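Structure first, commentary second.
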Amino acid sequence: MNEEKNEALNQTNSEKTVEIYTLAYCPFCQKAKFFLDEHNVKYKEIPCDDTEEEKRKELTQKYHLKTLATFPQIIINGQNIGGYSDLIEKFNNKQISF
Ligand SMILES: N[C@@H](CCC(=O)N[C@@H](CS)C(=O)NCC(=O)O)C(=O)O
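Now the structure itself:
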């Protein structure tokens, strides 16, 4: 992650644009949303239940992921953060602040 991108992830909550691609049954999606809610982060949820396989391929290509996208996928200021575990790891490593 370069410095410019890092800086964007450390903007205040109101400066961040957060999108989360979810499936209704997915426990990691629930955990990620709970974590964002707990940190007062506003986000746009994109439910993918009806288009799961298409979205998996689309997200994989768009963000040049090494393996097929799982859910959730979290995008902050246009940058793909990964899933729930990636979100927590980056938060704990202070690569993202909320
Ligand atoms: N490490 C990922 C795990 C996410 C995950 O396994 N999500 C499930 C749905 S709850 C999924 O997309 N499974 C499909 C697959 O693994 O290909 C995270 O924390 O977000």
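Residues 3 to 100 in my numbering are what the sequence shown spells out, letter by letter. Ideal Cβ placement from N, Cα and C applies to all residues, glycine included. Only a predicted model underlies this, so the values are computations on that prediction, with no experimental measurement involved.
key: Exposed unless 16 or more other CB atoms sit within 10 angstroms - verdict on A26   = exposed
inquiry  = Give me the pocket residues for ligand 1, defined as CB within less than 5 Å of any heavy atom, sorted by chain position.
reply    = C28, F30, T72, F73, G85, Y86 and S87
Three-pair Cβ contact test at 8 Å for the stretch 15 to 22 versus the stretch 66 to 83 = yes
ask   = N82 bridges to which residues according to DSSP?
value = DSSP lists I77 as the beta-bridge partner residues of N82.
key: Proximity to Q81 [Cα-Cα], best of Q32, I98, D51 and S87   = I98
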